[in-house]
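For the sequence shown, the UniProt record's numbering gives the first residue as 1, with consecutive numbering after it.
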Amino acid sequence: MNPMLIIVPILTYGAEVWRTDINEEIEAVQNDFCKWILGISKKATNIMARGECGRLPLYVIYMIKPVKYWLKIQKMETSRYPRQCFEMLYNFDMCSNRPTPNWVSKLKSVLNHYGFGDVWLSGGPGDPKVFMSELNQRVRD
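Written as structure tokens, this is what we have:
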């Protein structure tokens with residue numbers, strides 16, 4: 001059994017709603033785990049350890065998960081609670097005097113950062129599979 005199949009789901013659990021930026025602590029756990037699996041010094045470079053384990057930084061996963069969840073929410077009936085929560089957060093985000101960023105504003109930032117502001121403005125992609133493939137590639141690059 002691949003040990004990475006155990007650690008990655010634990011480190012990215014719930015990332016659909018809590019993670020839209022790079023978290024050094026989570027990345028450090030994966031880096032330390034890779035070094036431990038390989039039996040190398042903790043002072044070895046993180047990129048080398050992840051490369052030897054065939055792993056990308058975890059932010060690739062937890063940047064993608066909220067976007068996938070957003071696409072799922074867009075397909076939900078308006079009576080569903082996740083859809084209602086999204087609509088409330090969206091309306092809150094549209095207020096010019098919002099005190100703190102929320103999940104919707106962070107999601108919008110992720111899409112804008114990777115060049116998909118137009119997808120946000122249009123309310124979703126034309127072809128979700130093509131969109132997710134392009135987003136995945138941009139996050140990895």
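Just so it is clear, CB atoms sit at the ideal spot from N, CA and C, and this is done for glycine as well.
Predicted model, so just to flag it, every value in this text is computed and none were measured.
Residues near residue i in its chain [Cβ-Cβ closer than 8 Å; skip 5 each side]
| i | result |
| --- | --- |
| ASN31 | ASN46, ALA49, ARG50 |
| ILE64 | MET132, LEU135, ASN136, VAL139 |
| PRO66 | ALA15, GLU16, VAL17, ARG19, THR20, TRP103, LYS106, LEU107, VAL110 |
Terminal residues of the alpha helix (DSSP H) in which residue i lies
| i | result |
| --- | --- |
| ASP93 | 81-94 |
| ASP141 | That residue, ASP141, is in no alpha helix (DSSP H); it is neither H nor E in DSSP. |
| GLU27 | 24-38 |
| ASN46 | 46-53 |
| GLU16 | 15-18 |
| PRO66 | 59-75 |
| SER41 | No alpha helix (DSSP H) holds SER41; DSSP gives it neither H nor E. |
| ASN112 | 103-113 |
| PRO9 | 4-11 |
Cβ shell of residue i (< 6 Å), same chain only, five flanking positions each side left out
| i | result |
| --- | --- |
| GLU52 | LEU38 |
| GLU77 | none |
When the options are compared against residue i, the one with the closest alpha-carbon
| i | options | result |
| --- | --- | --- |
| TRP36 | ILE22, MET4, TYR90 | MET4 |
| PRO128 | GLN74, LEU58, MET94 | GLN74 |
| ASN23 | ILE40, LYS43, ALA44, TYR59 | TYR59 |
| PHE33 | PRO57, ILE7, VAL119, LYS43 | ILE7 |
| GLY123 | LYS72, ASP141, ILE10 | LYS72 |
| TRP70 | LYS43, PHE86, ILE40 | PHE86 |
| TRP120 | ASP93, GLU77, THR100, ALA44 | ASP93 |
| GLU25 | PRO57, ASN91, ASN97, LYS43 | PRO57 |
| LYS68 | SER41, SER79, PRO125 | PRO125 |
Close beta carbons around residue i, own chain, < 7 Å, minus the five adjacent residues each side
| i | result |
| --- | --- |
| LEU89 | ASN102, TRP103, VAL104 |
| ARG55 | MET4, GLN30, CYS34 |
Any chain D beta carbon closer than 7 Å to residue i
| i | result |
| --- | --- |
| GLY124 | Within the model displayed, chain D is absent; a lone protein chain is all it includes. |
When the Cβ atoms of the segment 114-125 are set against those of the segment 21-30, are three or more pairs found closer than 8 Å?
-> no
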